[in-house]
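2 protein chains.
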Amino acid sequence: MSIKVGIFGYGNLGRGIESALAQNEDMELCAVFTRRDPDTLKIRTAGVPVCRAADVDSFKDKIDVMILCGGSATDLPVQTPALAKNFCVIDSFDTHARIPEHLAAVDAAAREGGHLAIISCGWDPGMFSLNRLYAGAILPDGKDYTFWGRGVSQGHSDAVRRIDGVLDAKQYTIPVKDALDAVRCGEAPELSTRQKHKRECFVVAAEGADKSRIEREIKEMPNYFADYDTTVHFISAEELMRDHGGIPHGGFVIRSGKTGFERENSHVIEYSLRLDSNPEFTASVIVAYARAAARMYGEGQRGCKTVLDVPPAYLSPKSREKLICELL
Amino acid sequence: MSIKVGIFGYGNLGRGIESALAQNEDMELCAVFTRRDPDTLKIRTAGVPVCRAADVDSFKDKIDVMILCGGSATDLPVQTPALAKNFCVIDSFDTHARIPEHLAAVDAAAREGGHLAIISCGWDPGMFSLNRLYAGAILPDGKDYTFWGRGVSQGHSDAVRRIDGVLDAKQYTIPVKDALDAVRCGEAPELSTRQKHKRECFVVAAEGADKSRIEREIKEMPNYFADYDTTVHFISAEELMRDHGGIPHGGFVIRSGKTGFERENSHVIEYSLRLDSNPEFTASVIVAYARAAARMYGEGQRGCKTVLDVPPAYLSPKSREKLICELL
Chain A
158 MSIKVGIFGY GNLGRGIESA LAQNEDMELC AVFTRRDPDT LKIRTAGVPV
208 CRAADVDSFK DKIDVMILCG GSATDLPVQT PALAKNFCVI DSFDTHARIP
258 EHLAAVDAAA REGGHLAIIS CGWDPGMFSL NRLYAGAILP DGKDYTFWGR
308 GVSQGHSDAV RRIDGVLDAK QYTIPVKDAL DAVRCGEAPE LSTRQKHKRE
358 CFVVAAEGAD KSRIEREIKE MPNYFADYDT TVHFISAEEL MRDHGGIPHG
408 GFVIRSGKTG FERENSHVIE YSLRLDSNPE FTASVIVAYA RAAARMYGEG
458 QRGCKTVLDV PPAYLSPKSR EKLICELL
Chain B
158 MSIKVGIFGY GNLGRGIESA LAQNEDMELC AVFTRRDPDT LKIRTAGVPV
208 CRAADVDSFK DKIDVMILCG GSATDLPVQT PALAKNFCVI DSFDTHARIP
258 EHLAAVDAAA REGGHLAIIS CGWDPGMFSL NRLYAGAILP DGKDYTFWGR
308 GVSQGHSDAV RRIDGVLDAK QYTIPVKDAL DAVRCGEAPE LSTRQKHKRE
358 CFVVAAEGAD KSRIEREIKE MPNYFADYDT TVHFISAEEL MRDHGGIPHG
408 GFVIRSGKTG FERENSHVIE YSLRLDSNPE FTASVIVAYA RAAARMYGEG
458 QRGCKTVLDV PPAYLSPKSR EKLICELL
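In the order they appear, the protein sequences are chains A and B. Using my numbering, the letters of the first sequence map in sequence onto residues 158 to 485. Using my numbering, the letters of the second sequence map in sequence onto residues 158 to 485.
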C-alpha cells in the first residue's frame, strides 16, 4: 500500500515535491491544496485534484502525510500547528532562532490530535544539521564550519530589488576558497564573516538610473552586504533571464578535530552539496522524511520530531535486511 | 551517572578506544580485558584494572557497554555473540559479505541475554554506510561511488610482506583524481577497478634480493594488485619507519542524481574523511555509538542494531533541547 501524500501550497517547493513523488513508487500524490482559486492552478500529475486550502479538513483520514510548502516567516508558524491536529505533517521551517518555539507549538497540536510531525526538514536545517551532529559526536575535541553556496539567496536578491532604480536582480553567496582550504587542512582557523563568504550581484538597472549610486547602496547595506566583499555587475534583463534563471545552491559542513592522548592526530570530516535546484533538492529530502513520518506514525509514535530523531533506515523504501546487505 | 565501559582486546583499536573515552566526560573506562598475561600489559588510564579475558563474566552488571576490539576474521564471529549474552556489546565487524550472518548470531545471543548490541560500527562499515543510505533515499534516481584512501591497507601490506626477499612493506590505496573529478561533475561514469584506485608500495628488500622479481611479483599478484596500476618504491628500513609509521586513511562517498519531471537538474552529495589515524577515528565513532547503545538499552530496546537503526541524537552527550537549539 502506497503512502498517500498531500501538498499544501504550490510554489517552487510544492512543484519540487510533486516531481520528487513521481520518483518514489511507494508514494502517491492525492491532492494539492492552494489558497488561490483552484481553477487557475494547473499541476503536472494527471488525475490529482487541486482543492481549496479552506477545505483541507475534509481530507482527514484520506491522507497519510501532509507536506507543507509555505514560507517560514508567516505561513508555517500558523499552518503547521493547525494542520497537525488532523494530519501527520512535515515542513521545512528554516528560521533557526525560532525552531524551539515552532517545535513546541507543533508538538502540542500533534499530540492533541494524535499525529506525528517532522519540522525543519531540508538541507539547512536538515542534512547540514545532521552532519554537524554526527561529526560533533565523533570528534568532541574539534571545531565546526558551515559554508553556503555557490547559490542564490532569495532574501539578498529581494533586498537589492528594493533599491531605487533597480528593475531586477539576483544575488549569489559564494564561499571563499582560501577559507575552505584552510579549514580542510585541519588548521581550525578563526574566520570573520568577510573571510568566509563573498557576494556577487547581477543587477538590471532602469534606463538612466545612477549605477554608481546603486552599487554604493548595495555594498553599504547593513546586515545584508556591508560585512562582505561584494561584486556588482550591471546586465540586461535578457542576460539575467538567460544566465541567471536557475536556483542553484549548495554548501559545506566541515569539522576538524584531534584525537590521541597527546592530541597528536588530526581528522577532517566534510559533507558537501552541489545543487542545480535548491527547491527540488529540499523537496527530495522532505519526501524521504515523509516516508519516515508515515512509518513512525504506524509504529505508534506521536508528537513533533526533527531529522535528529529519525532512525536513518526509515528514510529508505528498502527493507532493513536489504539495506544491511547492500549498504552497510 | 557516567556510562561504564569495558575494552575487550587491547591492540591499536583498543588503545584508540581508551584515548577516545578520555575525551568524553560522560563515559568511564572500567576495565580492559586481554588474552595475554595481564601483568605484561600496561595501559594509559590510571587506576583501571587489566583483567584476563577468561574472567570477563565476573564483570556482568558492572559494565554498561563492552567494546570488542578483536579482528573480523576469527575473533568477532565468536566473541561478539558470546559476550552479548552477558553484556551490551559493540563491535566493528567489517567483513561486508558476512554481516547478515554475524547480525543474526549476535541478535539471537543479545535477545537471549536481554541485552542490546551494535555491530559493524566505524567508518566503513559505519559512517560511509550511513551516507550511502541518506544519499540514496534523497536521490533515488542516481548513482553511488565509494573511494578509499589515501590510506594504508593492512591486508595489502601483509600480502607484500609475504613475498620472498621482502623484509617489511607498507601499501597505500589512492583514489584516482580524474575519476573523483568526473564523479563530482555529476557525470555518473562507469568506472573500472583500475580507473578508481591506484596502489603505491614502499618495500624494504633483503640484502641481495632480486628487486625486479619482487616488483614483478607484487604487480602481478591476483586480486591484490593485478587489476590496479601499482607503483613500487624500494626504501631502507629507517625510511619506512620514519616516513611510513602512521596509519592514515580516509575516502569519499559521492552520489550524483537527477530531479525534475524532465530529469533536468543534477545534484551531487559528497561525504569525505581525511584521517591521520584510522584506528583512533574508528574508535571515536564506536565510542559515540556506545553512548547510543547505553541509551537504547535504558529505553528497553533489545537485540542487535546497526548504525542504520540508531536515531542520530542518541550519539551526542547533549540533551535533545540543546541539540535542537545549537545544531538544527
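For each residue, glycine too, the CB sits at the ideal point set by N, CA and C.
Under the three-state reduction of DSSP, which class applies to residue i: helix, strand or coil?
{"i": "P234 of chain B", "result": "helix"}
{"i": "Q328 of chain B", "result": "strand"}
{"i": "V205 of chain B", "result": "coil"}
{"i": "V317 of chain B", "result": "helix"}
{"i": "M184 of chain A", "result": "strand"}
{"i": "E427 of chain B", "result": "strand"}
{"i": "E347 of chain B", "result": "coil"}
{"i": "I517 of chain A", "result": "Past the boundaries of the shown model lies residue 517 of chain A; chain A is included only from 158 to 485, so the question cannot be answered."}
{"i": "K199 of chain A", "result": "coil"}
{"i": "H390 of chain B", "result": "strand"}
{"i": "V246 of chain B", "result": "strand"}
{"i": "L170 of chain A", "result": "helix"}
{"i": "C226 of chain A", "result": "coil"}
{"i": "G163 of chain B", "result": "strand"}
{"i": "R307 of chain B", "result": "coil"}
{"i": "A211 of chain A", "result": "helix"}
{"i": "E478 of chain A", "result": "helix"}
{"i": "E357 of chain A", "result": "strand"}
{"i": "G312 of chain A", "result": "helix"}
{"i": "V464 of chain A", "result": "helix"}
{"i": "V333 of chain A", "result": "coil"}
{"i": "A362 of chain B", "result": "strand"}
Give the C-beta separation of residue i and residue j to the nearest angstrom, bearing in mind that I take them to be a contact with Cβ-Cβ under 8 Å.
{"i": "S413 of chain B", "j": "K300 of chain B", "result": "6 Å"}
{"i": "E372 of chain B", "j": "V361 of chain B", "result": "Contact doesn't hold; Cβ gap of about 13 Å is too wide."}
{"i": "K217 of chain A", "j": "E185 of chain A", "result": "With 8 Å as the limit, K217 of chain A and E185 of chain A do not qualify as a contact, their Cβ atoms being about 17 Å apart."}
{"i": "C187 of chain B", "j": "G163 of chain B", "result": "6 Å"}
{"i": "L484 of chain A", "j": "R255 of chain B", "result": "Not confirmed; about 15 Å, so no contact."}
{"i": "V213 of chain B", "j": "A450 of chain B", "result": "Going by Cβ atoms, the distance from V213 of chain B to A450 of chain B rounds to 17 Å, so no, they are not a contact pair."}
{"i": "G322 of chain B", "j": "D367 of chain B", "result": "7 Å"}
{"i": "V340 of chain A", "j": "Y291 of chain A", "result": "In fact, because the Cβ distance is near 17 Å, the residues do not count as touching under 8 Å."}
{"i": "L465 of chain A", "j": "L287 of chain A", "result": "7 Å"}
With a threshold of 16 other CB atoms inside 10 Å of the CB of residue i, please say whether the residue is buried or exposed.
{"i": "S441 of chain B", "result": "buried"}
{"i": "T486 of chain B", "result": "A query on residue 486 of chain B cannot be resolved here, the shown segment of chain B reaching from 158 to 485 and no further."}
{"i": "A316 of chain A", "result": "buried"}
{"i": "F359 of chain B", "result": "buried"}
{"i": "A294 of chain B", "result": "buried"}
{"i": "V425 of chain B", "result": "buried"}
{"i": "R431 of chain A", "result": "buried"}
{"i": "A336 of chain B", "result": "buried"}
{"i": "N422 of chain B", "result": "buried"}
{"i": "P436 of chain A", "result": "buried"}
{"i": "C342 of chain A", "result": "exposed"}
{"i": "K327 of chain A", "result": "buried"}
{"i": "K355 of chain B", "result": "buried"}
{"i": "P379 of chain A", "result": "exposed"}
{"i": "G283 of chain B", "result": "buried"}
{"i": "R193 of chain A", "result": "exposed"}
{"i": "R448 of chain B", "result": "buried"}
{"i": "A211 of chain B", "result": "exposed"}
Go through its chain and collect everything with a Cβ distance to residue i's Cβ below 6 Å, but skip five positions before and after it.
{"i": "W305 of chain A", "result": "T330 and G408"}
{"i": "Q236 of chain A", "result": "L225 and G227"}
{"i": "F250 of chain B", "result": "S229, L233, H259, I276 and S277"}
{"i": "V189 of chain A", "result": "I164, Y167, I200 and V207"}
Go through its chain and collect everything with a Cβ distance to residue i's Cβ below 7 Å, but skip five positions before and after it.
{"i": "A241 of chain A", "result": "V263, A266, A267, G270, H272 and A274"}
{"i": "P195 of chain A", "result": "V207, C208 and R209"}
{"i": "S159 of chain A", "result": "D183, M184 and E185"}
{"i": "L480 of chain A", "result": "A470 and S473"}
{"i": "E175 of chain A", "result": "I164, L186, I200, R201 and T202"}
Excluding five sequence neighbours on each side, which residues of the same chain lie with their C-beta closer than 8 Å to the C-beta of residue i?
{"i": "P469 of chain A", "result": "none"}
{"i": "L296 of chain A", "result": "R412, S413, G414, K415, T416, H424 and I426"}
{"i": "A394 of chain A", "result": "L324, D325 and V361"}
{"i": "S434 of chain A", "result": "G173, G403, I404 and P405"}
{"i": "K376 of chain B", "result": "F382, A383, T387 and V389"}
{"i": "Q458 of chain B", "result": "L273"}
When the cut-off is 8 Å and only beta carbons count, does residue i lie next to chain C?
{"i": "T237 of chain A", "result": "Of the chains in the structure shown, none is chain C; the protein chains are A and B."}
Inside the region 394-455 of chain A only - beta strand (DSSP E) runs reaching at least 3 residues: 406-416 and 422-432
Ordered list of alpha helix (DSSP H) runs contained in the region 262-303 of chain B, each at least 4 residues: 284-295
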